[in-house]
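Colleague: Going by the working numbering, the sequence shown opens with residue 29, and the numbers climb by one from there. From the three backbone atoms N, C-alpha and C, an ideal C-beta is built for every residue, glycine too.
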Amino acid sequence: MRNASHGNSRRLTPFLLAMFLMVLITMTERSVDAAIVTTGEVNPADPSAWAGGTTVTIANTANGSVTVNGGSSISTGTVEVAKTFGVTGALTVDGLGSTWNTGSSISVGTSSLPANFAGGTGIVNISNGGTINGTVFIGQAFNTTGYLNITTGGRLTRGGSLGDLLNSNGIVTVDGVGSQWASTSGSITVAQRGNGLLKILNGATVSSSGAGVGRYTTGTGRVILDGPGSSWTMGIGGLQVGTGMAGGPGPGGVGLVTVTNGATMTNQGEAILGYTLPATGTVMVNGTGSTFTSAFDLYIGRDGAGRVSITDGAKFQGGPVNINSQSLLTVDVGTGSSVVSTAPFVLPQLNNNGTIRTVAKATAANGTYTPIVTSGAWDGTGKVQAVGGVWNNATHTMTVSTAATGQAGIATTIDRSVTQRILITDGATGKQVGASFQAAIAPANLSLTASLMNNGQLSLLQGLLDPGKAILSGWDFSATGYTAGDPVYLSLQIGADQKFYDLDVWHYDGTSWAKYLNTDLAYDNTFASFVATGFSGYAISGLAPVPVPAAMWLFGSGMVTVIGLARRRMSFAKA
């Protein structure tokens with residue numbers, strides 16, 4: 029019996045030990061779950077010593093990180109993340125109730141060094157209901173890179189800027205329903221003197237008292253708003269895209285905003301695109317449900333150049349629209365797109381001293397359309413170009429007639445006084461391409477030949493694409509009876525399920541490819557359309573389908589990385 033009893037106790041010991049370990053682990057996990065955890069170089073090293081006025085440096089001369097989770101809360105003064113070249117610093121606030129309060133600001137990428145040094149890389153993550161209360165500078169110093177990711181219900185209060193100094197890169201992603209950057213009393217600037225990229229995706233929201241994109245002469249900013257429920261709301265501080273304030277040599281301040289796939293941008297002040305010479309500001313709104321609203325005047329070019337395109341069911345609505353001599357408003361017809369200016373007691377409601385371009389793709393239905401609606405008069409010395417139909421200046425309508433059809437590789441001839449559109453089909457693949465032209469008053473024949481580009485031509489482009497991207501369509505064009513420089517609206521069939529912001533237009537001059545950065549790209553989930561001013565080769569790239577089709581006209585893959593986007597200076601081809 030003694031032996032049996034002894035044997036039973038020996039068998040129970042591991043069980044009791046396991047139970048003890050489980051309790052210990054549970055207790056340990058609880059202490060870790062609600063914690064402020066530091067790793068690597070953090071100064072001061074002990075979070076218990078931090079107070080409301082404490083400056084906290086994460087990654088000064090070596091990598092470092094701080095994580096606040098489990099409902100913990102901390103209050104500090106200034107926070108510096110990644111202060112010296114070559115280091116990486118990370119700050120994470122994760123979980124409902126987890127909060128970082130700063131009475132000053134959080135600077136992400138704060139080193140300031142000569143151009144031959146790489147700056148520090150700083151990363152801030154706010155997730156799962158975590159909150160940061162503080163002004164942020166993402167990519168604050170010369171030659172640095174900063175990231176801010178607000179996901180899964182994370183929240184940032186107060187304003188800030190991206191790409192603060194020359195050669196800096198600031199990249200912010202606000203992604204998912206419940207994720208928000210809410211700054212009711214501060215503005216948000218995307219690209220002060222450096223490069224800035226702000227993405228608002230999948231139902232995320234941003235609000236600010238005002239907004240600027242590409243503020244100084246060296247600033248290059250891009251904003252991507254995509255998906256139903258995704259929104260940016262600005263107060264009476266208004267919106268400036270391509271401000272171009274003095275601040276160093278550069279192209280004048282370049283800003284690009286895209287509002288797509290049901291997203292909305294709402295501005296309670298003035299909206300000014302291309303504020304000063306030689307700044308350029310562009311807004312492209314594409315897709316049903318996508319809306320750009322401005323309560324007061326929309327200036328498409330004040331002293332600089334402005335571009336606005338409203339396509340594939342998108343809408344602009346708001347105050348008077350003013351277009352200066354350098355600038356362009358493009359609206360497509362037959363898709364439900366509209367520009368509506370019904371500001372009461374303000375005349376004129378449309379002041380056009382530049383160019384209004386109404387376009388109809390080759391697949392649009394016949395009919396007469398009113399793409400621009402005002403309750404008052406139009407004014408100005410500018411012109412209206414109807415591409416793919418006939419414009420009636422008295423009624424402000426565009427009439428679209430039946431498109432001619434043709435086969436790839438064979439010239440198709442139209443009389444532009446009768447019809448202005450051609451839809452061409454490749455018999456072997458079923459792929460289509462459309463071309464729309466301006467009308468002629470008297471009979472005027474135009475012949476167009478379009479052929480799918482061959483392996484040799486596309487292989488040159490393939491080498492320029494990044495991993496994850498593919499050539500979705502490529503066509504070679506030639507025409508007689510066409511005057512180079514006249515606008516032609518091309519529509520290349522690329523298929524469904526592409527993201528607007530992943531699409532790139534490429535131009536082939538017979539020997540080499542270059543990105544064709546037009547300002548009126550449209551995508552209707554089948555065709556990608558844009559205005560060209562000459563014939564040769566054109567292609568569209570986007571996300572690679574899975575699996576990649578083996579057709580001769582489709583090649584490989586590539587992805588425009590966020591860093592590449594932020595570091596590249598934007599330029600815009602004139603259309």
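Inspect the beta-carbon positions of V559 and D552 and report whether they are closer than 7 Å.
Modeller: No, the Cβ-Cβ distance between V559 and D552 is not below 7 Å.
Colleague: Tell me where the alpha helix (DSSP H) around S487 begins and ends.
Modeller: Unbroken alpha helix (DSSP H) run through S487: 483-490.
Colleague: Contact between the stretch 206-213 and the stretch 483-501 is defined here as three or more beta-carbon pairs at a separation below 8 Å; is this criterion met?
Modeller: The answer is no - the stretch 483-501 does not touch the stretch 206-213, with fewer than three Cβ pairs under 8 Å.
Colleague: Could you check whether V70 and G92 sit closer than 7 Å to each other, using their CB atoms as the reference points?
Modeller: Contact: yes.
Colleague: Please give me, in chain order, every unbroken run of the beta strand (DSSP E) with length at least 3 that falls completely inside the stretch 293-328.
Modeller: If we require 3 residues or more, the beta strand (DSSP E) runs fully inside the stretch 293-328 come out as 299-301, 308-314, 319-322, 326-328.
Colleague: Can at least three beta-carbon pairs, one atom from the stretch 380-399 and one from the stretch 349-359, be found at a separation below 8 Å?
Modeller: Cβ pair count under 8 Å is three or more, so yes.
Colleague: I need the straight-line Cα distance from A146 to W78, nearest angstrom please.
Modeller: Taking the straight line joining both Cα atoms gives about 30 Å.
Colleague: Report the residue from G242, T433, T358, A572 whose alpha carbon sits nearest the alpha carbon of Q460.
Modeller: That would be T433, whose Cα lies nearest to the Cα of Q460.
Colleague: If we call anything under 7 Å between Cβ atoms a contact, is A550 one with S540?
Modeller: No, these two residues do not count as a Cβ contact at 7 Å.
Colleague: Can you confirm whether the stretch 281-290 touches the stretch 235-253 when touching is taken to mean that 3 or more C-beta pairs between the two stretches lie within less than 8 Å?
Modeller: Short answer: they touch.
Colleague: Under a three-way DSSP split, which group does D530 fall into?
Modeller: It is helical.
Colleague: Nearest to S207 by alpha carbon, out of T185, V359, N223, V241?
Modeller: The candidate whose alpha carbon is nearest that of S207 is T185.
Colleague: Under 8 Å: do the stretch 415-426 and the stretch 531-546 share three or more Cβ pairs, one atom per stretch?
Modeller: In short, these stretches do not touch, since the Cβ pair count stays below three.
Colleague: With respect to the beta strand (DSSP E) encompassing S397, which residues constitute its N-terminal and C-terminal limits?
Modeller: In the sequence as presented, Ser is not what sits at residue 397; that position holds Tyr. 395-397 is the extent of the beta strand (DSSP E) around Y397.
Colleague: In chain order, what residues of the same chain lie with their CB nearer than 8 Å to the CB of V51, ignoring the 5 residues before and after it?
Modeller: For V51, the predicted structure reports a pLDDT of 33, less than 50, and the residue's modelled location is therefore unreliable. A value from the coordinates is still provided. Excluding positions up to five away in sequence, the list is empty.
Colleague: Can you find the residues in the same chain that come closer than 6 Å, C-beta to C-beta, to I134, ignoring five residues on each side of it along the sequence?
Modeller: Hits under 6 Å: V107, G162, V164.
Colleague: Suppose you measure from the CA of P577 to the CA of T316; what does that come to, to the nearest Å?
Modeller: Residue placement at P577 cannot be trusted, given a pLDDT of 43 that sits under 50; the coordinates are not used to answer.
Colleague: Closest by CA to S569, which one among G562, F563, F555?
Modeller: Here the closest residue by C-alpha is F555.
Colleague: Should V446 go down as buried or exposed, given a rule of 16 or more other Cβ atoms within 10 Å for buried?
Modeller: Result: exposed.
Colleague: In three-state terms, what does DSSP make of S213?
Modeller: Reduced to three states, the DSSP call for S213 is coil.
Colleague: Can you give me the Cβ contacts of S479 inside the same chain, cut-off strictly under 6 Å, excluding the 5 residues immediately before and after it?
Modeller: Correct list, in chain order: A436, G437, D504.
Colleague: Along the chain, where does the beta strand (DSSP E) that runs through S189 open and close?
Modeller: Counting along the chain, the beta strand (DSSP E) containing S189 begins and ends at 188-190.
Colleague: Have a look at the DSSP bridge pairing and note the partners of S236.
Modeller: According to DSSP, which records beta bridges pairwise, S236 is partnered with S211, M262.
Colleague: Identify, in the order they occur along the chain, each residue of the same chain with its Cβ nearer than 6 Å to the Cβ of T310, setting aside the five sequence neighbours on each side.
Modeller: The residues are L284, R335, T547.
Colleague: DSSP three-state call for S76: helix, strand or coil?
Modeller: S76 falls in the helix class under three-state DSSP.
Colleague: Please state the DSSP three-state secondary structure of K389.
Modeller: Looking at K389 - three-state DSSP - the assignment turns out to be coil, as it is neither helix nor strand.
Colleague: How would you call N483, buried or exposed, if buried means at least 16 neighbouring beta carbons within 10 angstroms?
Modeller: Classification of N483: exposed, given that the 10 Å Cβ count is below 16.
Colleague: Based on DSSP bridge pairs, tell me the residues matched to N153.
Modeller: Paired residue(s): T120, N177.
Colleague: Please work out which residues of its chain come closer than 7 Å, Cβ to Cβ, to D61, disregarding the five sequence neighbours upstream and downstream, and give them in chain order.
Modeller: Residue confidence for D61 is low, a pLDDT of 46 falling below 50, so the modelled location carries little weight; the figure read from the coordinates is stated next. For D61, where only same-chain residues beyond five positions count, the Cβ hits under 7 Å are N97, G98.
Colleague: Ignore the nearest five residues each way along the sequence and tell me which others in S100's own chain have a CB closer than 7 Å to its CB.
Modeller: Here the set comprises A62, A63, I64, S126.
Colleague: May I ask you to list the residues that DSSP assigns as paired with K227?
Modeller: Per DSSP, T201, I252.
Colleague: Please work out which residues of its chain come closer than 6 Å, Cβ to Cβ, to Y510, disregarding the five sequence neighbours upstream and downstream, and give them in chain order.
Modeller: L474, listed in sequence order.
Colleague: Quick one: grab the DSSP three-state call for Y544.
Modeller: It is coil, neither helix nor strand.
Colleague: Compute the Euclidean distance between the alpha carbons of I400 and A507, then round it to the nearest angstrom.
Modeller: The straight-line gap from Cα to Cα measures roughly 31 Å.
Colleague: Compute the beta-carbon to beta-carbon distance between G157 and G182, rounded to the nearest angstrom, for a pair I have assumed lies under 8 Å.
Modeller: About 7 Å; that satisfies the 8 Å criterion.
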